[in-house]
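Enquirer:
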Amino acid sequence: MARSIDLDRAVDLYLDHLKVERGLSVHTLDGYGRDLGKFLTLLADRGRRVADDVTAADVTDHLIALAEAGLSTRSRARALVPIRGLFRHLIAEKWLDADPTELVDAPRLGARMPGVLGEDAVARLLAAPRRDTPRGCRDAAMIELLYATGVRVSELIGVPLGDVNLGHGFVRVTGKGKKTRLVPMGQPARDAVAAYVAEVRPRWVRDPREPALFLTERGKPMTRQGFWKLLGRYARAAGVRLPHGEVSPHKLRHSFATHLLERGADLRAVQAMLGHADIATTQIYTHVSRARLVEQYLARHPRAK
């Protein structure tokens, strides 16, 4: 049985191996170090501490996050190289028994965006929190707002109370590069957030100057890791699963965009709501199921029947 190893130490040992035994250049080592550092940031957000904790879903979600950040297919494939190398090295050195990258395909042009929930699965997930409890009320508000707006998890937990306009139904979101955008939200999300703001947040807030909308029971701002864990619990309770990994905030963001596009939303409008600087990034969501394409063809093409 393999020994357990801390992820930071694992990366250090791997880079030392590449330098001493493989003779890689300083330039290549720096690039590998940056790529692995970004991956470790995602793992830390998920509470992964040792190499045994890492799953194929973690690797896939990291590649999706890189796509959202605008990296090309070639750049994402290159970023996967040191991650694969790390885990293969750990197996060779008896630090690990199984390779979480083994089932992860390298990014390729035309690849379908993985991990999109169907509308029925989202409905079950949204129904999972017990809204008659303080914690369930908050959790429902967070999940409703995430799916209603498609915001990144960092944007969700960073929303100030003053940036939510329940009367007009929009939220001001501060995204990458400190750029702000206004995103609309539907009535279910407005109702869920309103219930939390009226009934729960006043009980939990300790400092009246605290700007964060979403708080823990101790009055502190919700963390990305904390939200990630609670979302996973509700997904398991609702029986919501994905073929290749766990339900995550990223997956709900993907589902938001995909459901809008499948219902005929304009690509530019979805781009604005997601906060993408380049529409090419939004186009990764334009995959539509084969059944949906056939349905649209049969319904609309004059010579389909």
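What the sequence shown shows, in this note's numbering, is residues 72 to 376, in sequence order.
The beta-carbon is built from N, C-alpha and C at its ideal position, and this holds for glycine as well.
A quick note: this is a predicted structure, and the numbers were derived from the prediction, not measured.
1. For aspartate 210, does the count of other Cβ atoms within 10 angstroms reach 16, so buried, or fall short, so exposed?
2. May I have the straight-line CA-CA distance separating glycine 248 from valine 224, to the nearest angstrom?
3. Measure from the alpha carbon of alanine 328 to the alpha carbon of each residue in Val318, Tyr267, Leu345, then state which is nearest.
4. Is the segment 160 to 173 touching the segment 190 to 200, taking contact as three or more C-beta pairs under 8 Å?
5. Span of the beta strand (DSSP E) holding proline 200?
6. Go through the segment 281 to 322 residue by residue and report every complete run of the beta strand (DSSP E) that reaches 3 residues or more, in order.
7. Measure the beta-carbon distance from aspartate 129 to leucine 107 and round it to whole angstroms, keeping in mind my assumption that it falls under 8 Å.
8. Starting from the N-terminal side, write out each stretch of the beta strand (DSSP E) that is 3 residues or longer and does not extend beyond the segment 88 to 120.
9. Counting only the same chain and skipping the five closest in sequence on each side, list residues whose C-beta sits under 6 Å from that of tyrosine 85.
10. Taking 9 Å as the threshold (C-beta atoms), are valine 318 and leucine 302 in contact?
11. Check whether the Cβ atoms of leucine 100 and leucine 78 sit closer than 9 Å, and answer yes or no.
12. Note the first and the last residue of the continuous beta strand (DSSP E) segment covering arginine 252.
Expert: Inspection of the coordinates gives the following:
1. buried
2. 16 Å
3. Leu345
4. no
5. Per DSSP, proline 200 belongs to no beta strand (DSSP E) and is neither H nor E.
6. none
7. The Cβ separation is near 13 Å, so there is no contact.
8. none
9. Leu157, His160
10. yes
11. no
12. 251 to 255
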